[in-house]
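Those sequence lines, one after another, are chains A and B.
Count the first sequence with the working numbering and you get residues 937 to 1050, in order.
Count the second sequence with the working numbering and you get residues 10 to 122, in order.
Here's the structure, in structure tokens; my notes come after.
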Amino acid sequence: EDQVTQSPEALRLQEGESSSLNCSYTVSGLRGLFWYRQDPGKGPEFLFTLYSAGEEKEKERLKATLTKKESFLHITAPKPEDSATYLCAVRGGFSSGSARQLTFGSGTQLTVLP
Amino acid sequence: ETGVTQSPTHLIKTRGQQVTLRCSSQSGHNTVSWYQQALGQGPQFIFQYYREEENGRGNFPPRFSGLQFPNYSSELNVNALELDDSALYLCASSATGDLGEQYFGPGTRLTVT
Chain A
937 EDQVTQSPEA
947 LRLQEGESSS
957 LNCSYTVSGL
967 RGLFWYRQDP
977 GKGPEFLFTL
987 YSAGEEKEKE
997 RLKATLTKKE
1007 SFLHITAPKP
1017 EDSATYLCAV
1027 RGGFSSGSAR
1037 QLTFGSGTQL
1047 TVLP
Chain B
10 ETGVTQSPTH
20 LIKTRGQQVT
30 LRCSSQSGHN
40 TVSWYQQALG
50 QGPQFIFQYY
60 REEENGRGNF
70 PPRFSGLQFP
80 NYSSELNVNA
90 LELDDSALYL
100 CASSATGDLG
110 EQYFGPGTRL
120 TVT
């Protein structure tokens, strides 16, 4: 069974204070690790897909990296508008029966103070 | 390009009743997945529809059922509502069922009293 654990559960940063969010995963035959951003009461917004260890993706102040056991979402010089819950999800392989679903972690609630 | 839309936005039902939630997929996407998100948790996979057939299901009982129509829109039906069914129900569309990104709609907030 695929499992995703995110840490920390909540993170408060001052504007401009860089940090990283962690996503540890267990999956049979990884077919993608996904990062989403979710604002309160709204649906998740897609950010990145990573497929293999060593891969990196960047978008504005966000950078996602992937190893064989975990992924990091690095936030550089965050702004208050970056405040949201960040969700990590994995898609497993056909042998594990999870190729058609995303298995999500519980998320990290990020608050950036001005 | 039109994104994923869901209706209604909010819904209040009584335990034991039945509910139908609706989703229109993003233009060009033929696969729809449904998720349940409890407060403070990540979304949980309910099932996926591709070409009008269910082709994947999570650990949800049979009282959760769905439909997909020829235009790729979809419905989620829940019978015999229980208090624990109170959650945000999310629809996600994708270009394929087993690869690539899923794009989510805004969700339907269901409250069961």
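Note that CB positions come from ideal geometry on N, CA and C, so glycine has one too.
Around the beta-carbon of A:Y987, fewer than 16 other beta-carbon atoms lie within 10 Å, marking it exposed.
Contact residues of the segment 978-1001 of chain A toward chain B are K978, G979, P980, E981, F982 and T985 (C-beta to C-beta distance below 8 Å). Chain-ordered listing is empty here: chain B has no CB closer than 8 Å to the CB of A:R948, the nearest sitting near 17 Å.
For A:A989, no beta strand (DSSP E) run applies, since DSSP gives it neither H nor E.
Within the segment 31-54 of chain B, T40, S42, Y44, Q46, G49, Q50, G51, P52, Q53 and F54 place their CB atoms closer than 9 Å to a CB of chain A, listed in sequence order. Minimum Cα-Cα distance from A:L969 among the listed residues A:T1044, A:E994 and A:G1028 corresponds to A:G1028. At a cut-off of 8 Å between beta-carbon atoms, B:L85 makes no contact with chain A.
In this structure B:L85 touches B:G75 by the C-beta definition: roughly 5 Å separates them, less than 8 Å. Within the segment 1029-1043 of chain A, F1030, A1035, R1036, Q1037, L1038, T1039, F1040, G1041, S1042 and G1043 place their CB atoms closer than 8 Å to a CB of chain B, listed in sequence order. Taking the beta carbon of B:D94 as reference, no residue of chain A falls within 8 Å; the closest one sits roughly 18 Å away. Taking 3 residues as the minimum length, the beta strand (DSSP E) runs contained wholly in the segment 93-117 of chain B are 96-103, in order along the chain. Per DSSP, the unbroken beta strand (DSSP E) holding A:L1049 starts and ends at T1044 to L1049.
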